Amino acid sequence: MAGAVTRTRPISRASSAADAELTAQVLQGLAQQPKRLSPTYLYDARGSALFELICRQPEYYLTRTELAIMRRYGAEIAQRIGSRALLLELGSGASLKTRILLDRLPDLAAYVPVDISRSSLGAATRSIRESYPTLEVLPVEADFTRPFALPSARAEAARTIVYFPGSTIGNFDAGPAVELLALARSLAGPNGALIIGIDLVKDRELLLRAYDDAAGVTAAFNLNILERLNRELGADFDARSFRHAAVWNAAASRIEMHLESLLSQSVQLGGEAIDFAVGEPIITEHCHKYTRRSFGALAARAGWRVRASWSDERRFFSVLYLESRG
Ligand code: AVI
8 MAGAVTRTRP ISRASSAADA ELTAQVLQGL AQQPKRLSPT YLYDARGSAL FELICRQPEY
68 YLTRTELAIM RRYGAEIAQR IGSRALLLEL GSGASLKTRI LLDRLPDLAA YVPVDISRSS
128 LGAATRSIRE SYPTLEVLPV EADFTRPFAL PSARAEAART IVYFPGSTIG NFDAGPAVEL
188 LALARSLAGP NGALIIGIDL VKDRELLLRA YDDAAGVTAA FNLNILERLN RELGADFDAR
248 SFRHAAVWNA AASRIEMHLE SLLSQSVQLG GEAIDFAVGE PIITEHCHKY TRRSFGALAA
308 RAGWRVRASW SDERRFFSVL YLESRG
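Offset between the sequence shown (1-based) and the working numbering: plus 7.
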């Protein structure tokens, strides 16, 4: 789902201390070998709009497959959640998939969408309140990778269910993924649960096409990060001298989004020159692909146990229900 993504606040020109810190972070990433940029920089307004378009590309099976799983097994998932639960969604965006659950959970204690983007949170809250007038909706504007305060609901909840769809967990490397899953566990509490969408390992060619669509939308999405650094940090990248590449890293079981330099060139950013050799990549995003077993092991490190799972016929994607290991 497009809205499941954490959007970043705009980076403004390096005038304040915070902007100088961001410039320093970007420079630090570009000083690494291989060069890295945080995937959070992909999601400015244009990047978020391009991501929504990616979700509609024929090659990008993730969104429509997860939606189909939710539609097909929504009743079973709702049964696992039970009555009078508080539903807390991480990176709620437009809350589209959530509606499948809300339709099947008429006695929900409250719905707490958490998102860093004030505008998408506001729009989603208005639209959910309109569709579900008796449901208490308590939006939280926060970066869900850091601890945040939970609002208190009017009704007493039987339990808290953390909902984290979209395989956004796959964009975190193992260490930060375990930290995030542990944060989800502390939000859910001892009798709570986690419902999470994960993308499964599959044929390499299918994966490569999903991350390098024929219409060039993913390429535009990836290259936009350079335009953003130009606009917001005063860098002088020439986006035409880089190309998007999706690379399968079998050892790490992930697709990597690369921007490869087409030339030997030097780019200015924050008063420093960054040199690129021909073919040298900047890695902008990791998209991990799991097996049921590999994700189960990752989740176990954060104290979760997989209790139920649902998948599509092709076994492309899975929605898991996890509880605390006790
Ligand atoms: C947001 N996230 C789940 C997407 C993914 O598939 O890992 C981000 C994305 N990057 C390129 N295409 C989609």
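C-beta: ideal position from N, C-alpha, C; glycine also. Treat the numbers as computed from the prediction; the structure is a model and nothing was measured.
- Query: Using the C-alpha atoms, what's the distance from Val-313 back to Ala-258?
  - Reply: For the purposes of this step, residue 258 is taken as residue 251 along the sequence shown, with counting starting at 1. For the purposes of this step, residue 313 is taken as residue 306 along the sequence shown, with counting starting at 1. Each residue's Cα considered, the two are about 24 Å apart.
- Complete beta strand (DSSP E) runs within the stretch 114-189 (minimum length 3 residues, chain order): 117-122 and 166-171
- Task: Over the uninterrupted beta strand (DSSP E) stretch that includes Ala-280, give me the two end residues.
- Result: On the sequence shown, position 273 is the one that residue 280 refers to. 279-283 is the extent of the beta strand (DSSP E) around Ala-280.
- Item | Where the beta strand (DSSP E) through Leu-95 begins and ends | Taking the sequence shown and counting its residues from 1, the one referred to as residue 95 is at position 88. Taken as a continuous stretch (DSSP letters only), the beta strand (DSSP E) holding Leu-95 covers 92-97.
- Query: Tell me which same chain residues have a C-beta within less than 6 Å of the C-beta of Leu-233, skipping the five on either side of it?
  - Reply: The sequence position of residue 233 within the sequence shown is 226, counting from 1. Cβ within range, chain order: Phe-244 and Ala-246.
- Determine the burial state of Gly-81: buried for a count of at least 16 other Cβ atoms within 10 Å of its Cβ, exposed for fewer. To locate residue 81, count along the sequence shown from 1; it is residue 74. Burial call: buried.
- Starting from the C-beta of Ile-289, find all residues in its chain whose C-beta is less than 6 Å away, skip the five residues before and the five after it, and write them out in chain order. One-based indexing of the sequence shown puts residue 289 at position 282. Result list for Ile-289: Lys-42, Leu-44 and Leu-266, in chain order.
- Indicate, with yes or no, if the ligand AVI has a heavy atom lying under 8 Å from the CB of Ile-61. Locating residue 61 in the sequence shown gives position 54, where the first residue counts as 1. Yes; taking the cut-off as 8 Å, the Cβ of Ile-61 has a heavy atom of the ligand AVI nearer than that.
- Message: Please report the distance separating the alpha-carbon of Leu-329 from that of Tyr-170.
- Response: Indexing the sequence shown from 1 puts residue 329 at position 322. Indexing the sequence shown from 1 puts residue 170 at position 163. C-alpha separation (whole angstroms): 11 Å.
- Pull up the distance between the alpha-carbon of Pro-113 and that of Gly-199, whole angstroms please. The sequence position of residue 113 within the sequence shown is 106, counting from 1. The sequence position of residue 199 within the sequence shown is 192, counting from 1. Approximately 19 Å, taken between the alpha carbons.
- Message: In the DSSP output, what is Phe-324 paired with across the bridge?
- Response: Mapped onto the sequence shown, residue 324 falls at position 317. Note: Phe-324 sits in a beta bridge opposite Asp-206.
- Simplified DSSP assignment, three categories, for Leu-270: Counting from one through the sequence shown, the residue named residue 270 turns up at place 263. In the structure shown, Leu-270 sits in coil (DSSP, three-state: anything other than H, G, I, E or B).
- State the Cα-Cα distance for the pair Ile-203 and Glu-83, rounded to the nearest angstrom. The count along the sequence shown starts at 1 and reaches residue 203 at position 196. The count along the sequence shown starts at 1 and reaches residue 83 at position 76. Whole-angstrom Cα-Cα distance: 15 Å.
- Message: According to DSSP, is Leu-112 part of a helix, a strand, or is it coil?
- Response: By one-based count along the sequence shown, residue 112 stands at place 105. Looking at Leu-112 - three-state DSSP - the assignment turns out to be coil, as it is neither helix nor strand.
- Query: Can you list the alpha helix (DSSP H) stretches of 4 or more residues lying completely in the stretch 284-317, in chain order?
  - Reply: 299-308
- Beta-bridge partners of Met-264, as assigned by DSSP: The residue given as residue 264 occupies position 257 in the sequence shown. The partner list for Met-264 (beta bridge, DSSP) reads Ala-253 and Glu-292.
- Query: Are the stretch 94-104 and the stretch 157-176 in contact at 8 Å, needing three or more beta carbon pairs?
  - Reply: yes
- Residues near Arg-53 in its chain [Cβ-Cβ closer than 6 Å; skip 5 each side]: Reading the sequence shown from its first residue, position 46 is the one you call residue 53. Counting only Cβ-Cβ distances below 6 Å, and skipping sequence neighbours, we find Asn-231.
- Task: Determine the closest residue to Arg-321 out of Gln-40, Glu-73, Tyr-48 and Val-33, with distance taken between C-alpha atoms.
- Result: In the sequence shown, the residue the question calls residue 321 occupies position 314. Checking every option, the nearest Cα to that of Arg-321 belongs to Glu-73.
- With C-beta atoms as the reference, is Met-264 less than 9 Å away from Pro-65? On the sequence shown, position 257 is the one that residue 264 refers to. On the sequence shown, position 58 is the one that residue 65 refers to. No, the pair does not count as a contact, with Cβ atoms beyond the cut-off.
- Answer yes or no: do Gly-129 and Arg-166 have a C-beta to C-beta separation smaller than 9 Å? Numbered from its first residue, the sequence shown carries residue 129 at position 122. Numbered from its first residue, the sequence shown carries residue 166 at position 159. Their beta carbons are not under 9 Å apart, which means Gly-129 does not touch Arg-166 by this criterion.
- To the nearest angstrom, report how far apart Arg-20 and Ala-27 are at their CA atoms. For the purposes of this step, residue 20 is identified with residue 13 of the sequence shown, where counting begins at 1. For the purposes of this step, residue 27 is identified with residue 20 of the sequence shown, where counting begins at 1. No answer about Arg-20 holds up, because its pLDDT of 46 lies below 50 and its placement is not dependable.
- Item | Per DSSP, cross-strand counterpart(s) of Lys-104 | Start at 1 with the first residue of the sequence shown, and residue 104 comes out as number 97. BP columns for Lys-104 are empty, so no partner.
- Between the stretch 142-151 and the stretch 117-124, do at least 3 Cβ pairs fall closer than 8 Å? yes
- Kindly examine the ligand AVI and report whether one of its heavy atoms sits closer than 8 Å to the Cβ of Ser-174. Along the sequence shown, read from residue 1 onward, the residue named residue 174 stands at position 167. For the ligand AVI, at least one heavy atom lies less than 8 Å from the Cβ of Ser-174.
- Using DSSP bridges, identify the partner residues of Ala-200. Walking along the sequence shown from the start, residue 200 turns up at place 193. Beta-bridge pairing links Ala-200 to Ile-168 and Glu-330.
- Message: Using the Cβ count rule (16 or more neighbours within 10 Å means buried), how would you classify Thr-141?
- Response: Residue 141 sits at position 134 when you count from the first residue of the sequence shown. It counts as exposed.
- If we ignore side chains and look at the alpha-carbon of each, how far apart do Ala-242 and Ala-25 end up? In the sequence shown, the residue the question calls residue 242 occupies position 235. In the sequence shown, the residue the question calls residue 25 occupies position 18. Each residue's Cα considered, the two are about 17 Å apart.
- Task: Report the residue from Arg-79, Leu-34 and Leu-201 whose alpha carbon sits nearest the alpha carbon of Ser-318.
- Result: Position 311 of the sequence shown, counting from 1, holds the residue named residue 318. Here the closest residue by C-alpha is Arg-79.
- Quick one: does the C-beta of Asn-198 sit closer than 8 Å to a heavy atom of the ligand AVI? Locating residue 198 in the sequence shown gives position 191, counting from the first residue. It does not: the Cβ of Asn-198 is nowhere closer than 8 Å to a heavy atom of the ligand AVI.
- Message: If you follow the alpha helix (DSSP H) that Gly-81 is in, where does it begin and where does it stop?
- Response: Here the question's residue 81 lines up with position 74 in the sequence shown. Residues 68-88.
- Query: Can you round the beta-carbon distance between Ala-306 and Leu-188 to whole angstroms, since I take them to be within the 8 Å contact cut?
  - Reply: Locating residue 306 in the sequence shown gives position 299, counting from the first residue. Locating residue 188 in the sequence shown gives position 181, counting from the first residue. The Cβ separation is near 6 Å, so the contact holds.
- Query: Identify the residues that DSSP records as bridge partners of Arg-216: which are they?
  - Reply: The residue given as residue 216 occupies position 209 in the sequence shown. Beta-bridge pairing links Arg-216 to no other residue.
- Item | Contacts around Pro-158, its chain only, beta-carbon distance under 6 Å, and the 5 residues preceding and following it disregarded | By one-based count along the sequence shown, residue 158 stands at place 151. Closer than 6 Å at Cβ, skipping near neighbours: Leu-145.
- Does the Cβ of Val-370 have 16 or more other Cβ atoms within 10 Å, making it buried, or fewer, making it exposed? Nothing about residue 370 can be read from this structure; the chain reaches only from 8 to 333.
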